[in-house]
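In this note's numbering, the protein residues as written are 40 to 138.
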């Protein structure tokens, strides 16, 4: 958070199917951002906080693939998120490996 009156909380949800580049599944600021975060927390989705990155991703349209310049940083974030869930990128789009 910041005391800057022009600052807005932003949240972006990405989806990754293991075949294409990650895409924007949801994006919003302020109340919508808090709702995106609440839903992610309720569903055990790992969260990563980076206001600058969220601001860049929030400019993309829904279902738009992330730009190539962000591949590396998003790959590192997704790799860590998969690790936290006991998955690998190979498991993307398969749901829970225990199912």
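Glycine residues also receive a C-beta, built at the ideal position from the N, C-alpha and C atoms.
Unbroken beta strand (DSSP E) run spanning residue 117, endpoints | Counting along the chain, residue 117 falls outside any beta strand (DSSP E), though it belongs to the alpha helix (DSSP H) covering 110-123.
Taking residue 63 and residue 96 to be in contact with their CB atoms under 8 Å, please state how far apart those CB atoms are, rounded to whole angstroms.
-> 6 Å
Same chain, Cβ closer than 8 Å to residue 66, neighbours up to 5 away in sequence not counted | 49, 50, 51, 52, 75, 96, 97, 99 and 101
Using a threshold of 8 Å, state whether the C-beta atoms of residue 123 and residue 61 are closer than that.
-> no
Which term fits residue 58, buried or exposed, when burial requires 16 or more other beta carbons within 10 angstroms of its beta carbon?
-> exposed
Nearest-angstrom Cα distance between residue 94 and residue 77?
-> 19 Å
Nearest residue (CA-CA) to residue 126, options 68, 80, 85 and 70 = 85
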